Amino acid sequence: MGSFVGEVLPPDDVVVRALRAGDETMFAALLDTWSHGMLRVARSYVSTDHSAEEVVQDTWLAVIDGIDGFEGRSSVKTWVYRILVNTAKKRGLRESRILPWSAFEQDGQTLGGHGPPPGGRAEFTAAWPTPEGEALAAEARGLIAEALGRLPPRQRVVITLRDVEGCTSEEVCDILEISAANQRVLLHRARATVRGWLASYYDSVKQPD
Amino acid sequence: MKRFISEARAVNVVKRFTCDELVEHLTAYLDDALDTPARDAVRDHLSCCEGCGRYFDQYRATIRVLGDLPTRPLPTETRSRLLSTFRTRRADHLTDG
Ligand SMILES: [Zn+2]
Numbered sequence: 001m002g003s004f005v006g007e008v009l010p011p012d013d014v015v016v017r018a019l020r021a022g023d024e025t026m027f028a029a030l031l032d033t034w035s036h037g038m039l040r041v042a043r044s045y046v047s048t049d050h051s052a053e054e055v056v057q058d059t060w061l062a063v064i065d066g067i068d069g070f071e072g073r074s075s076v077k078t079w080v081y082r083i084l085v086n087t088a089k090k091r092g093l094r095e096s097r098i099l100p101w102s103a104f105e106q107d108g109q110t111l112g113g114h115g116p117p118p119g120g121r122a123e124f125t126a127a128w129p130t131p132e133g134e135a136l137a138a139e140a141r142g143l144i145a146e147a148l149g150r151l152p153p154r155q156r157v158v159i160t161l162r163d164v165e166g167c168t169s170e171e172v173c174d175i176l177e178i179s180a181a182n183q184r185v186l187l188h189r190a191r192a193t194v195r196g197w198l199a200s201y202y203d204s205v206k207q208p209d
Numbered sequence: 001m002k003r004f005i006s007e008a009r010a011v012n013v014v015k016r017f018t019c020d021e022l023v024e025h026l027t028a029y030l031d032d033a034l035d036t037p038a039r040d041a042v043r044d045h046l047s048c049c050e051g052c053g054r055y056f057d058q059y060r061a062t063i064r065v066l067g068d069l070p071t072r073p074l075p076t077e078t079r080s081r082l083l084s085t086f087r088t089r090r091a092d093h094l095t096d097g
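Listed in order, the protein sequences are those of chains A and B.
Per this note's numbering, the very first residue in the first sequence carries number 1; after that it's consecutive.
Per this note's numbering, the very first residue in the second sequence carries number 1; after that it's consecutive.
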């Protein structure tokens with residue numbers, strides 16, 4: 001477990017024992033480490049920030065009540081995220097914002113037939129400005145955070161879990177119950193699209209030579 | 001004199017990717033999910049194709065940007081409500097046995 005950036009949680013057995021014993025400090029540590037990522041993942045399924053907050057809250061309530069029954073067949077993080085995803089999916093369906101999950105089975109099933117990579121060959125020659133420590137980079141990050149909502153739902157969830165939250169591919173497959181190959185296709189499509197957005201952005205702010 | 005193509009070269013010819021194919025393999029490459037010939041083919045292509053080399057740099061820059069997006073914490077009231085719920089419900093659980 002524990003691939004979130006900057007995460008310093010103890011091993012699962014320690015976490016589970018502490019939660020069962022009512023250790024509030026441990027619960028607070030989980031809340032503070034995972035909630036922001038959970039909000040983002042929940043937001044992929046529901047229509048407002050407020051809904052996402054309620055989904056995260058309901059998930060934690062289910063964790064509080066369910067920790068005694070946790071069997072350790074997956075990591076604690078995967079278990080919590082599965083509850084989150086199921087809660088968010090149900091809520092999303094109720095809000096009718098998303099179509100049933102199966103309606104998206106096609107988004108990213110196959111690799112072929114999509115023509116040239118997004119962005120086109122001409123862009124390949126343009127170098128990007130160095131991303132670190134610039135106002136430009138901050139603006140790009142804000143832009144991308146907004147734009148993720150335009151990805152197809154399954155791609156959005158996968159790229160959020162993998163690249164934004166730093167989960168491993170095994171964790172993502174476990175949480176979403178999809179195959180490694182499917183996960184990779186969805187991730188690749190999403191990354192290629194985001195790269196295209198960044199390329200257009202950097203192109204639009206480029207200084208004339 | 002008969003000319004022979006070395007075996008390594010022949011494998012390379014078979015496994016060589018076009019630029020479009022290469023791009024489709026980048027996620028698998030970064031996840032280390034390719035077999036050895038395919039991985040070598042990606043590496044060879046990237047080292048000698050400037051366009052794909054740059055695309056690969058941009059692809060990795062994209063992943064870095066995604067790993068550094070602004071975050072929004074759980075609202076303070078929600079957080080304290082959850083902590084107090086934890087306190088009372090876990091206490092119930094413990095006394096219930
Ligand atoms: Zn190339």
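Where is the CB? At the ideal position from N, CA and C, for every residue including glycine.
Nothing here was measured: the structure is a model prediction, and the numbers come from that model.
- In the three-state reduction of the DSSP assignment, F17(B) falls in the coil class, being assigned neither a helical nor a strand state.
- For W34(A), the enclosing alpha helix (DSSP H) stretches over residues 24-43.
- Closer than 7 Å at the C-beta level to chain A, one finds these residues of the region 64-93 of chain B: R64, V65, L66, G67, D68, L69, P70, T71, R72, P73, L74, P75, T78, R79, L82, L83, T85, F86, R87, R89, R90, A91, H93.
- When the Cα atoms are used, E165(A) and I175(A) turn out to be separated by approximately 13 Å.
- Taking the beta carbon of Y59(B) as reference, the chain A residues within 9 Å of it are R191, A192, R195, listed in sequence order.
- Taking a Cβ-Cβ cut-off of 7 Å, the neighbours of T27(B) in chain A comprise R184, L187, H188, R191, given in sequence order.
- Counting other Cβ atoms within 10 Å of its Cβ, V8(A) stays below 16 and is therefore classed as exposed.
- For the region 54-71 of chain A, the set of positions with a beta-carbon nearer than 8 Å to some beta-carbon of chain B reads V56, Q57, W60, L61, I64, D65, D68 in chain order.
- By the beta-carbon neighbour count (other beta carbons within 10 angstroms, threshold 16), T168(A) is exposed.
- Setting aside the 5 residues that flank it on each side, S44(A) is surrounded in the same chain by P153, R156, V157, T160, each with a C-beta closer than 7 Å to its C-beta; the list follows chain order.
- Chain A places no beta carbon closer than 8 Å to that of T18(B), leaving this residue out of the contacts.
- Interface residue (Cβ-Cβ distance to chain B less than 8 Å): S179(A) is not classified as such.
- Here DSSP, grouped into helix, strand and coil, assigns H50(A) to helix.
- Nearest CB-CB separation between A29(A) and chain B: not below the 8 Å threshold.
- With respect to chain B, the C-beta atom of S74(A) has no partner C-beta closer than 8 Å.
- For R73(A), the secondary structure class from DSSP, reduced to helix, strand or coil, is coil.
- For V15(A), the enclosing alpha helix (DSSP H) covers residues 12-20.
- When DSSP states are grouped into helix, strand and coil, S200(A) belongs to the helix group.
- With 16 or more other Cβ atoms from the protein chains shown falling within 10 Å of its own Cβ, D163(A) counts as buried.
- In the three-state reduction of the DSSP assignment, L84(A) falls in the helix class, which pools H, G and I.
- Apart from the 5 residues on each side of it in sequence, M38(A) sits with its Cβ closer than 6 Å to the Cβ of V56, L84 in its chain, given in chain order.
- Close CB contacts of Y29(B) within its chain, under the 7 Å cut and outside five residues either way in sequence, are with R39, V42 (chain order).
- Neighbours of G142(A) across chain B, judged by C-beta separation under 9 Å: L69, P70.
- Only G22, E24, F27, A28, L31, S35, H36, L39 from the region 21-47 of chain A bring a Cβ to less than 7 Å from some Cβ of chain B.
- Note on geometry: alpha-carbon atoms of T27(B) and A88(A) lie some 27 Å from one another.
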